[in-house]
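One structure is given below, encoded as C-alpha cells.
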C-alpha cells in the first residue's frame, strides 16, 4: 500500500494549537489548511485575520488556504484583479462551486496561482481531469464527512491529485486500501470533519491518522 505524500488536515481554528502543530509536523508530512472567507471571518472553522497571522508565524509548517465564498468566485472569474488573503501559504484551494470547474475556471485558477507564486487546487466529483495546470482534489463530501462509494484511479503521468470524503482515524486505513495507489504514486489525502471534537480541531485525532498511515515516528 503506497501511503500519501502528505496528509492535509483542514480547518485549523485556534492559535493555541500552534505548539502542537509544530510538534506533529516535525514527525509527519502534513499540510495544515486554513478556511478563508472574509464574509465568515471569526465564524467556527474560519479563523479571523489575527488568528491566521499567529498560526502562519509557526516555523516549519506547510499551509494551504481554502478560499471560499465570493472571494473564490472572483478568482475563477477575474484572476488578474481578484484579491485574497493568502500571504504565507504554499497552496490555495479555490472552493468556488459544488458543481466542479469548466476549462475557463480551471485556467483562471492556474493563472491566479502563478500571479501569486502558489500552487492552486480545484475540486472534482468524478475521475481526475487531465489538466496539470492545477492540483485536483476528489471531493464529494465538501466537509460533511460523507465517504464516497468509489475512489478514482490515479493517472500514471497525470496531475497531482488528492482524495477527501469521510476520512478520519477510524476509516483512513480502509480508504487507503480502497484507493490502492500503485508503488511510487504521489498523492495526498484531505480531511476536516472527522478530525474534530465538539466542532474544534482535535490534534489527538490528527495524530491517530498519522500513526495509521505512517506508523509511529519520533521527532528527529
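Residue numbers (the working numbering): 27 to 246.
Note that beta-carbon positions come from the ideal geometry of N, C-alpha and C, so glycine has one too.
Query raised in the report: For residue 118 versus residue 93, is the C-beta spacing smaller than 8 Å?
Result: yes
Query raised in the report: For residue 225 versus residue 70, is the C-beta distance shorter than 8 Å?
Result: yes
Query - Alpha carbon of residue 141 to alpha carbon of residue 55, nearest angstrom - result: 27 Å
Report task. Would you decide whether residue 195 is buried or exposed? Buried here means 16 or more other CB atoms lie within 10 Å of its CB. Result -> Under this definition residue 195 is a buried residue.
Query raised in the report: What are the boundary residues of the beta strand (DSSP E) that residue 116 is part of?
Result: Counting along the chain, residue 116 falls outside any beta strand (DSSP E), and DSSP gives it neither H nor E.
Report task. Return helix, strand or coil for residue 142, following the three-state DSSP convention. Result -> The answer is helix: DSSP assigns residue 142 an H, G or I state.
**Report entry** Residue nearest to residue 61 in terms of C-alpha spacing, selected from 218, 173 and 192
**Finding:** Here the closest residue by C-alpha is 218.
Query - DSSP-derived helix/strand/coil call for residue 60 - result: strand
Report task. Compare the C-alpha of residue 133 against each of 65, 115, 220 and 155 and name the closest. Result -> 155
Query raised in the report: Which residues in the same chain have their Cβ closer than 6 Å to the Cβ of residue 46, if we skip the five residues on either side of it in sequence?
Result: 229
Report task. For the beta strand (DSSP E) containing residue 216, list its first residue and its last residue. Result -> Residues 213-217.
Query raised in the report: Which residues in the same chain as residue 138 place their Cβ atom closer than 7 Å to its Cβ, once the five residues preceding and following it in sequence are excluded?
Result: The beta carbon of residue 138 lies closer than 7 Å to those of 101, 105, 108 and 146 in the same chain, with the five residues before and after it left out.
Query raised in the report: Assuming residue 41 contacts residue 91 under a Cβ cut-off of 8 Å, what Cβ separation, rounded to an integer in Å, is found between them?
Result: With a beta-carbon spacing of about 16 Å, residue 41 and residue 91 fall beyond the 8 Å limit used to define contacts.
**Report entry** Euclidean distance between Cα positions of residue 187 and residue 165
**Finding:** Between residue 187 and residue 165, the alpha-carbon positions lie close to 11 Å from each other.
Requested in this report: Tell me, please, which residues DSSP counts as bridged to residue 237.
Outcome: Beta-bridge annotation (DSSP): residue 237 is not paired with any residue.
Query raised in the report: Among all the DSSP beta bridges, which residues are the ones paired with residue 94?
Result: 121
Report task. With a 10 Å radius around its C-beta and 16 neighbouring C-beta atoms as the bar for buried, classify residue 32 as buried or exposed. Result -> buried
Requested in this report: Would you mind working out which of 114, 97 and 128 sits nearest residue 120, comparing C-alpha positions?
Outcome: 97
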